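Chains as they are written, first to last, in the working numbering: chain A, 1185 to 1397; chain B, 1192 to 1201.
Written out below as structure tokens is the structure these notes cover.
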């Protein structure tokens, strides 16, 4: 555990709490992509299948349970409790364009050809693009509630912080590198660059998040 | 599972 990894995980935790807070206080899931949230559940479930077979630490175990449970709860809020506030007609990204290629990549790139390991690879590839339906929705509506942008910023920060974490681990753990996690992680972080630009130049200056028409 | 760096991350 290093400071980048810890801050990254805390940022990830914060992003989910911000999202829950947004839904509960506005009593609405307007502006949130159900598809992205459903992809995150898929990511967590396929990655954490080892939760009961490989013990890493209490920290690791607790976080995994929290990520699965909280994201399932968000799906419940969106599909049941605040269903009328969710507009599927703007959440139109075709997730099969993500699931198919990620499945193919996982079959091609994995550390062992076992069910668990191929699913682990799949989850890594899928996480890297799971935010696309959300970003696509943002692009379509051209604006976002400030709290939604804080959610995205925290999620992006989590990914960005994993990069110095890997560099740190490379130098402190005898040159170890994880090519699958690093490649997917770099792609994932790159997807946030446009968003970050608008977030830093507008939202943090007190303006509304609006994309140029 | 393997002991790749990513396996003990979240």
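Quick reminder that beta carbons are idealized off the backbone N, C-alpha and C, glycines included.
The model shown is predicted, which means the values in this text are computed figures rather than measured ones.
If we cut at 8 Å on Cβ distances, does residue 1301(A) have a partner in chain B? At least one C-beta of chain B is nearer than 8 Å to the C-beta of residue 1301(A).
Give me, in chain order, the residues of the same chain whose beta-carbon lies closer than 8 Å to that of residue 1386(A); leave out the 5 immediate sequence neighbours on both sides. Within the same chain, and ignoring the five residues on either side of residue 1386(A) in sequence, the residues whose Cβ sits closer than 8 Å to its Cβ are 1392, 1393, 1394.
Measure the Cβ-Cβ separation of residue 1288(A) and residue 1226(A) and say whether it is below 8 Å. No; because the gap between Cβ atoms is not below 8 Å, this pair is not in contact.
Residue 1371(A) CB to nearest chain B CB: under 8 Å? Taking Cβ atoms only, chain B never reaches closer than 8 Å to residue 1371(A), which makes this a no.
Taking contact to mean at least 3 C-beta pairs separated by less than 8 Å, is the segment 1353 to 1368 of chain A in contact with the segment 1207 to 1227 of chain A? Here the segment 1353 to 1368 of chain A makes no contact with the segment 1207 to 1227 of chain A; the two share fewer than three CB pairs at distances below 8 Å.
Assuming residue 1307(A) is part of the alpha helix (DSSP H), what are its boundary residues? First-last of the alpha helix (DSSP H) with residue 1307(A): 1299 to 1313.
Determine contact between the segment 1317 to 1326 of chain A and the segment 1244 to 1257 of chain A, defined as no fewer than three beta-carbon pairs at a distance below 8 Å. The segment 1317 to 1326 of chain A, when compared against the segment 1244 to 1257 of chain A, does not touch it at the 8 Å Cβ threshold.
Taking C-beta pairs closer than 7 Å, name the residues in chain B that residue 1240(A) reaches, listed in chain order. Chain B residues near residue 1240(A): 1199.
With distances taken from CA atoms, which of 1300(A), 1342(A), 1372(A) is nearest residue 1190(A)? Taking only the C-alpha atoms, the option nearest residue 1190(A) is 1342(A).
Excluding the 5 residues flanking residue 1318(A) on each side, which residues of the same chain have their C-beta closer than 6 Å to its C-beta? If you ignore the 5 residues before and after residue 1318(A), its C-beta comes within less than 6 Å of the C-beta of 1217, 1220, all in its own chain and listed in chain order.
If we define contact as Cβ-Cβ less than 8 Å, is residue 1308(A) a contact residue for chain B? Yes, its Cβ sits closer than 8 Å to a Cβ of chain B.
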